[in-house]
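Reading the sequence shown from the start, the letters are residues 992 to 1142 in my numbering. See below for the structure under consideration.
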Amino acid sequence: MTPDASAAPWPPALLDPAQRADLVVVHKRDRRLLLLREGRVLASHPIALGPSPLGHKQREGDGRTPEGHYRIALRNPRSRYHLSLRISYPAADDLARAQAAGVAPGGDIMIHGNPQCRTGDWTEGCVAVSDADMEAIWQRVDVGTRVHLLP
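The following block contains the structure:
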């Protein structure tokens, strides 16, 4: 099969800086991800989390999504979950808390797509959205964007 010359470029390109989010807010309890720019909501997307979504991540494998202030650390266009944005967890305070408890903090917390169209909370602590929503988020969120993960 030959590539379609009329197909959109992959991955989708970042939008003009004036159209990009400067903050991603995840409301875990409401299962909602908001993209904001200068305090104005640009987009709102439903999310799925892990099997134990409420409460701050304590250790690797607990199925929780961290809570706190982070940044987008990496954009992965070849993710097994369509597209993914790595969150800068664990931060220094997360590492210190895990070390004091004698546990591994975990890592690889992402905002990513859902290529198998799963329903309910199914991740291992990541924030999942539909593939179509992930493409829209991908166009508005660059490395360094602030991420607030809220209860």
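No residue lacks a Cβ here, since even glycine has one placed at the ideal position from N, Cα and C. Keep in mind it's a predicted model, so treat the numbers as computed, not measured.
Within the model, the alpha-carbon separation for tyrosine 1072 versus alanine 1091 is close to 33 Å. Beta bridge pairing from DSSP links alanine 1034 with Leu1026. In this structure, the straight-line span from the alpha carbon of aspartate 1021 to that of aspartate 1133 is close to 24 Å. Using a 10 angstroms sphere on the CB of proline 1096, the tally of other CB atoms reaches 16 or more, which defines it as buried. Counted as a single uninterrupted DSSP element, the stretch harbouring arginine 1055 is not any alpha helix (DSSP H), since DSSP gives it neither H nor E. In chain order, Met1101, His1103 and Gly1104 place their CB closer than 8 Å to the CB of serine 1070, counting only its own chain and leaving out the 5 sequence neighbours on each side. By the beta-carbon neighbour count (other beta carbons within 10 angstroms, threshold 16), arginine 1031 is exposed. Only buried fits proline 1081, as 16 or more other CB atoms lie within 10 angstroms of its CB.
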